[in-house]
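Enquirer: Next up is a structure, given as structure tokens.
There are 2 protein chains.
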Amino acid sequence: MAVNNVYAVILAGGSGSRLWPLSRELHPKQLMKIEDDYTLFQSAFIRLVNSVDDKNILSVTNVKLESQVKSQLAEMQTKFCRKSSYRVITEPEGKGTAPAIALSIKYIEKLNKDKNIKEDPIIIAVPSDNLISDNEKFADAIKEAIKLAQANYIVTFGVRPDRADTGLGYIRTKRNKKIREASVKGLKVEEFIEKPDKETAQEFVDSDKYYWNSGMFVFKASVMMSELKKYEPDIYDIVKNAEISSQTPTIPYLDFEEMPDISIDYAVMENSKKLAMVPLECDWRDVGSWEAIYDISETDENGNYVMGNVVDLDSKNSMIYSTSKLITTIGLENTVVVETEDAVLVCNRDRTQDVKKIVNHLKERHDSTQLTHKTVYRPWGYYTVLNEGNGFLTKCIYVNPGAKLSVQLHHHRSEHWVVVEGKALVLKGEEFIELNNGESIDLAIEEKHSLQNPYDEPLKILEVQRGDILDENDIVRFEDMYGRV
Amino acid sequence: MAVNNVYAVILAGGSGSRLWPLSRELHPKQLMKIEDDYTLFQSAFIRLVNSVDDKNILSVTNVKLESQVKSQLAEMQTKFCRKSSYRVITEPEGKGTAPAIALSIKYIEKLNKDKNIKEDPIIIAVPSDNLISDNEKFADAIKEAIKLAQANYIVTFGVRPDRADTGLGYIRTKRNKKIREASVKGLKVEEFIEKPDKETAQEFVDSDKYYWNSGMFVFKASVMMSELKKYEPDIYDIVKNAEISSQTPTIPYLDFEEMPDISIDYAVMENSKKLAMVPLECDWRDVGSWEAIYDISETDENGNYVMGNVVDLDSKNSMIYSTSKLITTIGLENTVVVETEDAVLVCNRDRTQDVKKIVNHLKERHDSTQLTHKTVYRPWGYYTVLNEGNGFLTKCIYVNPGAKLSVQLHHHRSEHWVVVEGKALVLKGEEFIELNNGESIDLAIEEKHSLQNPYDEPLKILEVQRGDILDENDIVRFEDMYGRV
Numbered sequence: 019m020a021v022n023n024v025y026a027v028i029l030a031g032g033s034g035s036r037l038w039p040l041s042r043e044l045h046p047k048q049l050m051k052i053e054d055d056y057t058l059f060q061s062a063f064i065r066l067v068n069s070v071d072d073k074n075i076l077s078v079t080n081v082k083l084e085s086q087v088k089s090q091l092a093e094m095q096t097k098f099c100r101k102s103s104y105r106v107i108t109e110p111e112g113k114g115t116a117p118a119i120a121l122s123i124k125y126i127e128k129l130n131k132d133k134n135i136k137e138d139p140i141i142i143a144v145p146s147d148n149l150i151s152d153n154e155k156f157a158d159a160i161k162e163a164i165k166l167a168q169a170n171y172i173v174t175f176g177v178r179p180d181r182a183d184t185g186l187g188y189i190r191t192k193r194n195k196k197i198r199e200a201s202v203k204g205l206k207v208e209e210f211i212e213k214p215d216k217e218t219a220q221e222f223v224d225s226d227k228y229y230w231n232s233g234m235f236v237f238k239a240s241v242m243m244s245e246l247k248k249y250e251p252d253i254y255d256i257v258k259n260a261e262i263s264s265q266t267p268t269i270p271y272l273d274f275e276e277m278p279d280i281s282i283d284y285a286v287m288e289n290s291k292k293l294a295m296v297p298l299e300c301d302w303r304d305v306g307s308w309e310a311i312y313d314i315s316e317t318d319e320n321g322n323y324v325m326g327n328v329v330d331l332d333s334k335n336s337m338i339y340s341t342s343k344l345i346t347t348i349g350l351e352n353t354v355v356v357e358t359e360d361a362v363l364v365c366n367r368d369r370t371q372d373v374k375k376i377v378n379h380l381k382e383r384h385d386s387t388q389l390t391h392k393t394v395y396r397p398w399g400y401y402t403v404l405n406e407g408n409g410f411l412t413k414c415i416y417v418n419p420g421a422k423l424s425v426q427l428h429h430h431r432s433e434h435w436v437v438v439e440g441k442a443l444v445l446k447g448e449e450f451i452e453l454n455n456g457e458s459i460d461l462a463i464e465e466k467h468s469l470q471n472p473y474d475e476p477l478k479i480l481e482v483q484r485g486d487i488l489d490e491n492d493i494v495r496f497e498d499m500y501g502r503v
Numbered sequence: 019m020a021v022n023n024v025y026a027v028i029l030a031g032g033s034g035s036r037l038w039p040l041s042r043e044l045h046p047k048q049l050m051k052i053e054d055d056y057t058l059f060q061s062a063f064i065r066l067v068n069s070v071d072d073k074n075i076l077s078v079t080n081v082k083l084e085s086q087v088k089s090q091l092a093e094m095q096t097k098f099c100r101k102s103s104y105r106v107i108t109e110p111e112g113k114g115t116a117p118a119i120a121l122s123i124k125y126i127e128k129l130n131k132d133k134n135i136k137e138d139p140i141i142i143a144v145p146s147d148n149l150i151s152d153n154e155k156f157a158d159a160i161k162e163a164i165k166l167a168q169a170n171y172i173v174t175f176g177v178r179p180d181r182a183d184t185g186l187g188y189i190r191t192k193r194n195k196k197i198r199e200a201s202v203k204g205l206k207v208e209e210f211i212e213k214p215d216k217e218t219a220q221e222f223v224d225s226d227k228y229y230w231n232s233g234m235f236v237f238k239a240s241v242m243m244s245e246l247k248k249y250e251p252d253i254y255d256i257v258k259n260a261e262i263s264s265q266t267p268t269i270p271y272l273d274f275e276e277m278p279d280i281s282i283d284y285a286v287m288e289n290s291k292k293l294a295m296v297p298l299e300c301d302w303r304d305v306g307s308w309e310a311i312y313d314i315s316e317t318d319e320n321g322n323y324v325m326g327n328v329v330d331l332d333s334k335n336s337m338i339y340s341t342s343k344l345i346t347t348i349g350l351e352n353t354v355v356v357e358t359e360d361a362v363l364v365c366n367r368d369r370t371q372d373v374k375k376i377v378n379h380l381k382e383r384h385d386s387t388q389l390t391h392k393t394v395y396r397p398w399g400y401y402t403v404l405n406e407g408n409g410f411l412t413k414c415i416y417v418n419p420g421a422k423l424s425v426q427l428h429h430h431r432s433e434h435w436v437v438v439e440g441k442a443l444v445l446k447g448e449e450f451i452e453l454n455n456g457e458s459i460d461l462a463i464e465e466k467h468s469l470q471n472p473y474d475e476p477l478k479i480l481e482v483q484r485g486d487i488l489d490e491n492d493i494v495r496f497e498d499m500y501g502r503v
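Chain order of the listed sequences is F and Y. Using the numbering used here, the first residue of the first sequence is number 19, and each one after it goes up by one. Using the numbering used here, the first residue of the second sequence is number 19, and each one after it goes up by one.
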């Protein structure tokens with residue numbers, strides 16, 4: 019197999035609602051650092067660099083996460099790759115892993131066509147929210163899986179369960195001669211079993227036939243497409259007819275409305291007869307809930323995992339996680355406490371799967387704590403709302419070196435800026451004004467303006483907005499280096 | 019008894035540490051609104067107006083709470099009194115109720131001397147943190163107690179226990195002919211029993227001899243002083259020799275260092291042979307802990323009391339109290355969650371007495387969340403720190419109509435002010451400048467300045483401080499209408 023015909027796709031569009039309030043729809047868990055210097059998404063990238071030519075690693079994500087995914091990818095590519103461009107396919111909305119995989123196949127086929135490669139590509143599709151302890155063992159398993167994929171199997175990776183986890187899917191396996199011939203480690207997949215009850219899960223753990231479904235797959239493009247055609251023809255049809263450019267792979271909105279919302283497990287894996295499994299022989303964790311985070315964390319002699327500004331008295335088997343304010347706890351048992359700048363979760367450890375229900379409820383009532391953090395990420399940096407009052411709003415705005423905000427005006431508000439770190443270049447009307455640390459400027463209603471940081475140091479300003487309507491949507495953009503006009 | 023010779027003293031110096039994080043050393047529970055339009059301190063005042071000439075109601079508090087107590091008292095006196103001046107005795111530090119009561123006796127004797135009243139005054143001493151359901155029943159009990167006090171008894175008020183509370187003190191009573199002669203409702207006090215264990219408390223509830231000690235007392239000045247002389251001579255000696263002016267009753271710091279730190283219960287009530295008790299025949303609650311607050315609160319069908327921005331799923335018998343951010347809870351039982359802008363408490367309901375231990379720990383490590391809220395009260399209004407960064411700090415400052423901050427300068431910081439509500443009069447150097455809503459001004463390091471609000475509307479400004487040292491102590495005051503120069 020030519021190495022330039024193996025591709026990897028990191029599925030990075032999930033909303034990670036069960037890790038709320040740390041994870042938000044617009045800043046989900048895969049883009050967070052969990053127990054590492056890298057985010058989960060970045061770790062997935064680093065793992066794949068061993069197995070795949072780095073310019074063949076791409077990612078599928080939600081259009082709303084595009085700028086964050088690209089900047090995390092850019093950071094990785096600078097560190098680990100020879101030289102590469104970003105390859106991010108963006109979906110207008112999250113629709114499960116089946117459409118995401120189908121779209122990446124279509125995109126990779128287009129790439130190959132442009133490169134005049136006729137051979138069928140092999141694709142490795144992985145989630146962006148796993149923790150895997152051993153990158154070499156992972157690469158070994160990938161090697162075996164590629165052999166099986168070349169023999170036209172759709173290959174999954176199984177993990178030997180060490181506890182009766184009811185939040186994971188299980189795979190029942192069987193020895194099979196034909197599969198063994200392609201890879202000595204390969205096993206036949208007899209059945210996919212979604213989240214079993216505790217008792218059944220325990221039986222699975224005690225048997226040697228069952229593995230956890232890690233959600234990672236390796237397959238030939240044509241094989242997966244023919245299975246999609248067979249079992250999920252709607253996805254097949256939409257993707258087949260989609261106009262995908264290999265240059266700007268954003269999926270047009272209109273085509274996407276009809277797209278079924280379904281995982282590849284339900285769409286293909288539970289039906290296909292072409293499945294094989296390779297055991298992944300190292301620690302693997304799906305960081306799917308606070309209970310899973312507790313599970314991978316090092317606890318103290320009372321079974322507590324404590325993080326941040328916490329004072330505890332006599333709690334047991336609990337996780338207390340503070341990101342901003344002081345948390346004090348007394349006599350808790352089996353409890354998860356997670357605090358962020360705008361929300362607190364206090365949850366019985368047996369109920370962490372239900373955090374999703376809370377998030378759905380918040381979504382229904384349009385509560386912004388479901389969508390974003392108090393700090394909101396933008397292509398140019400981020401801002402935090404500090405204070406809202408009667409006709410005014412205060413923000414702290416952080417602008418990356420080299421970044422600039424769009425040229426804009428507001429119909430309903432004036433703005434007052436004070437530089438508190440670094441130096442700013444401000445467009446006010448038609449004039450450019452340099453603002454040093456401590457200097458301030460007024461921008462009137464309807465006045466065209468832009469905040470820019472052409473310097474090497476980060477820029478921080480405090481903004482006081484004043485007006486009858488103070489809304490992020492009150493913005494008219496004239497020029498924007500991030501294409502948001 | 020001449021009505022002008024009955025005095026009431028509201029003991030308002032407590033730090034209310036068991037209601038942290040809502041209660042803080044510099045903003046304790048008695049100055050908070052619990053389930054009423056008035057604070058607990060104000061409710062104590064309103065109750066006493068029925069029994070005592072309003073100009074004879076005074077308060078003892080910590081010097082740090084003086085401005086808050088005075089402003090709460092001023093509000094009450096405007097509403098409920100003919101016309102009166104504030105009568106607040108301030109102690110340099112909290113030293114228990116025995117010194118506070120001794121000092122008020124001394125002060126009242128001085129008042130009487132100035133007024134040429136020779137008769138021994140009757141004094142009603144009450145805590146400032148009780149909830150009492152029926153002000154008329156309270157006045158009835160006071161009437162009976164005054165009769166007993168005139169017959170030289172030190173009178174306590176007992177409450178019939180309706181549950182085996184281990185956080186309260188109990189009183190064992192006995193019928194007594196001589197006491198009945200002075201007041202038909204009077205009973206002899208046989209013993210004070212501090213916080214018993216659960217089993218003993220249950221025995222007390224089942225017997226009809228036991229009452230809760232409500233911590234309210236009525237006595238003749240001379241009788242209490244002679245008991246103090248007998249049982250706590252150190253307090254007696256210090257107070258006897260103290261120079262107390264009836265005009266500015268602040269206790270000099272030096273005298274106070276030697277003052278024993280002891281409650282009147284331990285100092286006198288557990289020893290005195292002159293005790294009588296009057297039953298208080300209405301609901302009485304000591305708002306002494308979160309469990310007590312839960313106890314007085316109306317719960318829903320799952321036994322939960324929920325306040326503020328809370329989303330709960332399946333919790334039971336819990337109290338969830340949010341003052342600023344969203345709190346979400348799943349499957350809690352018997353748990354108290356209290357959130358303020360800078361701290362969260364999550365506590366097993368059986369352990370709410372231990373909140374005090376957490377507060378002591380915070381005090382030891384000089385954690386400011388023990389001392390103040392994020393919002394800090396000042397004689398002229400309040401401020402909230404919004405944001406702290408590298409060499410800068412942002413505050414929102416609220417100035418009451420008619421108030422002004424001192425004329426001051428800072429050695430280490432410059433300040434930038436933006437008016438976001440109302441109008442300001444700013445002294446900058448020697449010049450007065452009027453700042454309208456939206457206008458801003460720069461104040462340099464070492465520049466003399468003052469923020470004033472001589473107008474009828476409240477003033478709100480945003481302040482950006484910049485400098486190498488950003489500390490409340492970096493202030494040189496020249497003039498101050500609150501005597502802080």
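Ideal placement from N, C-alpha and C gives every residue a C-beta, glycine not left out.
Taking 6 Å as the limit between beta carbons, can you name the residues of its chain near Met325/F, skipping five residues before and five after?
Expert: For this step, residue 325/F is matched to residue 307 along the first sequence. Answer for Met325/F: Tyr339, listed in chain order.
Enquirer: Would you decide whether Gly114/Y is buried or exposed? Buried here means 16 or more other CB atoms lie within 10 Å of its CB.
Expert: As a working note, residue 114/Y is residue 96 in the second sequence. So Gly114/Y counts as buried.
Enquirer: Give me whichever residues DSSP pairs with Tyr401/F in a beta bridge.
Expert: As a first step, residue 401/F must be located in the first sequence, where it is residue number 383. According to DSSP, which records beta bridges pairwise, Tyr401/F is partnered with Val394/F, Ile415/F.
Enquirer: DSSP state of Leu58/Y, grouped into three classes?
Expert: Counting from 1 along the second sequence, the entry for residue 58/Y is found at position 40. Residue state, collapsed to three classes: helix.
Enquirer: If we call anything under 7 Å between Cβ atoms a contact, is Phe210/F one with Ile197/F?
Expert: Translated into the one-based positions of the first sequence, residue 210/F becomes position 192. Translated into the one-based positions of the first sequence, residue 197/F becomes position 179. Using a Cβ distance threshold of 7 Å, Phe210/F and Ile197/F do not count as a contacting pair.
Enquirer: Mind checking the stretch 24-51 of chain F against chain Y and listing, in chain order, the residues whose C-beta falls within less than 9 Å of any C-beta there?
Expert: Trp38, Pro39
Enquirer: Count the other CB atoms, across all protein chains shown, that sit within 10 Å of the CB of Val202/Y; report buried if there are 16 or more and exposed otherwise.
Expert: Counting from one through the second sequence, the residue named residue 202/Y turns up at place 184. Its Cβ having fewer than 16 others within 10 Å, Val202/Y is exposed.
Enquirer: With 7 Å as the C-beta to C-beta threshold (strictly closer), list the residues of the stretch 282-294 of chain Y near chain F in chain order.
Expert: none
Enquirer: Compare the C-alpha of Gln90/Y against each of Thr108/Y, Leu66/Y, Ala116/Y, Ser61/Y and name the closest.
Expert: Your numbering for residue 90/Y matches position 72 in the second sequence. It is Ser61/Y.
Enquirer: Taking the straight line between their C-alpha atoms, what separation do you get for Ser225/Y and Phe175/Y?
Expert: Along the second sequence, one-based indexing puts residue 225/Y at 207. Along the second sequence, one-based indexing puts residue 175/Y at 157. Taking the straight line from one Cα to the other gives about 18 Å.
Enquirer: Which partner residues of Trp435/F appear in the DSSP bridge assignment?
Expert: Residue 435/F sits at position 417 when you count from the first residue of the first sequence. Checking the DSSP bridge columns, you'll see Trp435/F partnered with Ile459/F, Glu481/F.
Enquirer: Which whole-angstrom value describes the C-beta separation of Leu423/F and Ser468/F, a residue pair presumed to lie in contact below a C-beta threshold of 8 Å?
Expert: Here residue 423/F refers to the residue found at position 405 when the first sequence is read from its first residue. Here residue 468/F refers to the residue found at position 450 when the first sequence is read from its first residue. Between the beta-carbon of Leu423/F and that of Ser468/F there is about 6 Å, and that keeps the pair under the 8 Å contact cut.
Enquirer: Tell me, please, whether the stretch 382-391 of chain F touches the stretch 78-92 of chain Y by the rule of three or more beta-carbon pairs shorter than 8 Å.
Expert: no
Enquirer: Spell out whether any CB of chain F is found under 7 Å from the CB atom of Asp152/Y.
Expert: To locate residue 152/Y, count along the second sequence from 1; it is residue 134. It does not; no Cβ of chain F falls within 7 Å.
Enquirer: Are there 16 or more other CB atoms within 10 angstroms of the CB of Ser146/Y, so buried, or fewer, so exposed?
Expert: On the second sequence, residue 146/Y is found 128 positions in, with the first residue counted as 1. Buried: at least 16 other Cβ atoms inside 10 Å.
Enquirer: Can you find the residues in the same chain that come closer than 6 Å, C-beta to C-beta, to Val35/Y, ignoring five residues on each side of it along the sequence?
Expert: If you number the second sequence from 1, residue 35/Y lands on position 17. Per the sequence shown, the amino acid found at residue 35/Y is Ser instead of Val. Hits under 6 Å: Lys374, Val377.
Enquirer: Of all the options Tyr473/F, Thr412/F, Glu433/F, which has the alpha carbon lying nearest to the alpha carbon of Ala442/F?
Expert: Sequence index remark: in the first sequence, residue 442/F carries index 424 (1-based). If we check each option's Cα against that of Ala442/F, Tyr473/F comes out closest.
Enquirer: Can you tell me whether Ala294/F sits near the ligand GTP, meaning its C-beta is under 6 Å from at least one heavy atom of the ligand?
Expert: The model on display carries no ligand, and the ligand GTP is accordingly not part of it.
Enquirer: Listed in chain order, which residues of the stretch 380-397 of chain Y have Cβ atoms closer than 8 Å to some Cβ of chain F?
Expert: Leu380, Asp385, Thr387
Enquirer: Going by C-alpha to C-alpha distance, which of Ser33/Y, Ile172/Y, Val27/Y, Thr57/Y sits closest to Val106/Y?
Expert: In the second sequence, the residue the question calls residue 106/Y occupies position 88. Minimum Cα distance to Val106/Y is reached at Val27/Y.
Enquirer: What's the gap between the Cα of Met243/F and the Cα of Met295/F?
Expert: One-based indexing of the first sequence puts residue 243/F at position 225. One-based indexing of the first sequence puts residue 295/F at position 277. Rounded to the nearest whole angstrom, the C-alpha separation of Met243/F and Met295/F is 19 Å.
Enquirer: For His429/F, name the three-state secondary structure that DSSP assigns.
Expert: Locating residue 429/F in the first sequence gives position 411, counting from the first residue. In the structure shown, His429/F falls within a coil segment according to DSSP collapsed to helix, strand and coil.
Enquirer: Going by C-alpha to C-alpha distance, which of Glu449/F, Lys165/F, Leu477/F sits closest to Val425/F?
Expert: As a position in the first sequence, residue 425/F is number 407, starting the count at 1. Of Glu449/F, Lys165/F, Leu477/F, the residue nearest in Cα terms is Glu449/F.
Enquirer: Less than 7 Å between the C-beta atoms of Asn418/Y and Val437/Y, yes or no?
Expert: Residue mapping note: residue 418/Y aligns to position 400 of the second sequence, counting from 1. Residue mapping note: residue 437/Y aligns to position 419 of the second sequence, counting from 1. Contact flag unset, no.
Enquirer: Can Glu309/F and Arg396/F be called in contact, C-beta distance under 7 Å?
Expert: Translated into the one-based positions of the first sequence, residue 309/F becomes position 291. Translated into the one-based positions of the first sequence, residue 396/F becomes position 378. With a cutoff of 7 Å on beta-carbon distance, Glu309/F and Arg396/F are scored as not near each other.
Enquirer: According to DSSP, simplified to helix, strand and coil, what is Asn335/F?
Expert: Looking up residue 335/F in the first sequence gives position 317. Residue state, collapsed to three classes: coil.
Enquirer: Compare the C-beta of Ile345/Y with all C-beta atoms of chain F and state if any pair is closer than 7 Å.
Expert: Position 327 of the second sequence, counting from 1, holds the residue named residue 345/Y. It does: the Cβ of Ile345/Y has a partner Cβ on chain F nearer than 7 Å.
Enquirer: Is the Cβ of Ile459/Y closer than 7 Å to any Cβ of chain F?
Expert: Within the second sequence, residue 459/Y is the residue found at index 441, counting from 1. Chain F contact via Cβ: absent.
Enquirer: So Leu411/F and Leu488/F are supposed to be a Cβ contact under 8 Å. How far apart are they, rounded?
Expert: To locate residue 411/F, count along the first sequence from 1; it is residue 393. To locate residue 488/F, count along the first sequence from 1; it is residue 470. That pair is a contact at about 5 Å.
Enquirer: What residues in the stretch 400-412 of chain F bring their beta carbon closer than 7 Å to a beta carbon of chain Y?
Expert: Leu404, Asn405, Gly407, Asn408, Phe410, Thr412
Enquirer: Assuming the contact rule is C-beta atoms closer than 8 Å, Asn23/F and Glu162/F should be a hit. Round their C-beta distance to whole Å, please.
Expert: As a position in the first sequence, residue 23/F is number 5, starting the count at 1. As a position in the first sequence, residue 162/F is number 144, starting the count at 1. Contact flag wrong, Cβ pair sits at about 18 Å.
Enquirer: Can you give me the C-alpha to C-alpha distance between Asn322/Y and Asp492/F, rounded to a whole angstrom?
Expert: In the second sequence, the residue the question calls residue 322/Y occupies position 304. In the first sequence, the residue the question calls residue 492/F occupies position 474. Between Asn322/Y and Asp492/F, the C-alpha separation is close to 41 Å.
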